[in-house]
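**Q**
Residue numbers (my numbering): 1 to 286.
#1: Grab me the residues of residue 22's own chain with a C-beta within less than 6 Å of its C-beta, minus the 5 sequence neighbours each way, in chain order.
#2: Can you list, in chain order, the stretches of the alpha helix (DSSP H) that have 4 or more residues and sit fully within the segment 217-258?
#3: In terms of residues, what are the limits of the alpha helix (DSSP H) holding residue 278?
#4: Would residue 72 be called buried (16 or more neighbouring beta carbons within 10 Å of its own) or exposed?
#5: Taking C-beta to C-beta, are residue 246 and residue 269 nearer than 8 Å?
#6: Skipping 5 residues on each side, what residues in its chain have a beta carbon closer than 7 Å to that of residue 158?
#7: Just the Cα atoms here: how many angstroms apart are residue 198 and residue 255?
#8: What is the DSSP secondary structure of residue 27, reduced to helix, strand or coil?
#9: What's the C-alpha gap between residue 3 and residue 134?
#10: Considering only residues of the segment 125-199, which uninterrupted alpha helix (DSSP H) runs meet the minimum length of 4 residues and lie entirely inside it, listed in chain order?
#11: Ignore the nearest five residues each way along the sequence and tell me which others in residue 137's own chain have a CB closer than 6 Å to its CB.
#12: Can you tell me whether residue 166 is buried or exposed, with buried defined as 16 or more other CB within 10 angstroms of its CB?
#13: In whole angstroms, give me the CA-to-CA distance for residue 207 and residue 95.
#14: If we count the other Cβ atoms within 10 Å of its Cβ and call it buried at 16 or more, is residue 196 buried or exposed?
#15: Does the Cβ of residue 7 have 16 or more other Cβ atoms within 10 Å, making it buried, or fewer, making it exposed?
#16: DSSP beta-bridge partners for residue 204?
#17: Helix, strand or coil: which one does DSSP assign to residue 12?
#18: Give every residue of the same chain whose Cβ lies closer than 8 Å to the Cβ of residue 1, excluding the five residues on either side of it in the sequence, and list them in chain order.
#19: For the alpha helix (DSSP H) containing residue 268, name the first residue and the last one.
#20: Three-state secondary structure (DSSP) at residue 34?
#21: Let me confirm a value: residue 219 is counted as buried when at least 16 other C-beta atoms fall within 10 Å, else exposed. Which label applies?
#22: Is there a Cβ from chain C that is less than 8 Å from the Cβ of residue 157?
The structure is reproduced here in structure tokens:
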């Protein structure tokens, strides 16, 4: 425990600091000891005073090597040295991908990161989607199938597990895969991996659909009441959850006199106006 005493309590000698201890210069008594290092807890050989970085980037599942690989950086060199460094950097990049399996994983992870970025999804969901892609590769599900489809399906499954409302059509619009490739990859993953996904609750779509349609909170609250009625009457069974949510919003908007057409509501939910109209008619009948 540190102390501000400058006189030895035993011999009245002078106390001097020696490392993390206060020692009497006369009798050698250790008056106090401070085992806490008051200096910085980091060490940077580049700039000890202002640069606190002491490690590289954190581990991440969105990289095929978890982010543990090294990189040859860029510096201001000219002539032969510059060409040599460029050649070394190119060879080093090629050596990081040693097999076709790693190459497929790099391509799949790049596609996942792109889809997640376009859809505005969080990094935690990106990492979960990359883990699902790795599980599908370990189960040998990628053989003869589309890598783009499995990348899009991994993002879709991660959204389903995390309770994030994204339709297949929305992800296909941002992905390189088409709807059939995503569906085939999702069916294979669901069949072989036993994914913990259940039916989507239509209530998850209401806040986002209401925002995109420009409807206020009163309309959204009324749509929740319509959705509760539809669930009690069994109208949500076997139906597209996004279409049911859009139909409830459309019905609530009609009651409130808000500007919302069937075509606009169907377009937001990625369903046809006929699908929305059938759900709306059954809601009115109930």
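Heads up, the beta-carbon is just placed ideally off N, CA and C, and yes, glycines get one too.
Bear in mind that the values here come from a model prediction, so they are computed numbers and not experimental data.
**A** Short version:
#1: For the purposes of this step, residue 22 is identified with residue 22 of the chain shown, where counting begins at 1. Counting only Cβ-Cβ distances below 6 Å, and skipping sequence neighbours, we find 15, 31, 32.
#2: 217-232, 241-256
#3: Numbered from 1 along the chain shown, position 278 holds the residue referred to as residue 278. Counting along the chain, the alpha helix (DSSP H) containing residue 278 begins and ends at 273-285.
#4: As a working mapping, residue 72 is identified with position 72 in the chain shown. Classification of residue 72: exposed, given that the 10 Å Cβ count is below 16.
#5: To locate residue 246, count along the chain shown from 1; it is residue 246. To locate residue 269, count along the chain shown from 1; it is residue 269. Yes, the Cβ-Cβ distance between residue 246 and residue 269 is below 8 Å.
#6: Along the chain shown, read from residue 1 onward, the residue named residue 158 stands at position 158. Here the set comprises 125, 128, 129, 132.
#7: Here residue 198 is taken as the residue at index 198 of the chain shown, counted from 1. Here residue 255 is taken as the residue at index 255 of the chain shown, counted from 1. About 32 Å.
#8: Taking the chain shown and counting its residues from 1, one reaches residue 27 at position 27. Coil at residue 27, not helix or strand.
#9: On the chain shown, residue 3 is found 3 positions in, with the first residue counted as 1. On the chain shown, residue 134 is found 134 positions in, with the first residue counted as 1. In this prediction, residue 3 has a pLDDT of 43, which is less than 50 and means its spatial position is unreliable; nothing more can be read from the coordinates.
#10: 147-162, 168-174, 179-193
#11: Residue mapping note: residue 137 aligns to position 137 of the chain shown, counting from 1. Contacts found: none.
#12: Indexing the chain shown from 1 puts residue 166 at position 166. It counts as buried.
#13: Numbered from 1 along the chain shown, position 207 holds the residue referred to as residue 207. Numbered from 1 along the chain shown, position 95 holds the residue referred to as residue 95. Straight-line Cα distance between these residues: approximately 47 Å.
#14: Taking the first residue of the chain shown as position 1, residue 196 is located at position 196. Exposed.
#15: Walking along the chain shown from the start, residue 7 turns up at place 7. Answer is exposed; the Cβ neighbour count stays below 16.
#16: Here residue 204 refers to the residue found at position 204 when the chain shown is read from its first residue. In DSSP, residue 204 forms no bridge with anything.
#17: Your numbering for residue 12 matches position 12 in the chain shown. DSSP places residue 12 in coil when its eight states are reduced to three.
#18: Stepping through the chain shown from its first residue, residue 1 is reached at position 1. Per-residue confidence for residue 1 stands at a pLDDT of 39, beneath the threshold of 50, marking its modelled position as unreliable; no derived number is given.
#19: What you label residue 268 is simply residue 268 of the chain shown in a count that begins at 1. Per DSSP, residue 268 belongs to the alpha helix (DSSP H) from 262-269.
#20: Position 34 of the chain shown, counted from the first residue, corresponds to residue 34. Coil, per DSSP.
#21: Taking the chain shown and counting its residues from 1, one reaches residue 219 at position 219. Flag for residue 219 reads buried.
#22: Annotation note: the requested chain C is absent from the structure, which comprises a single protein chain.
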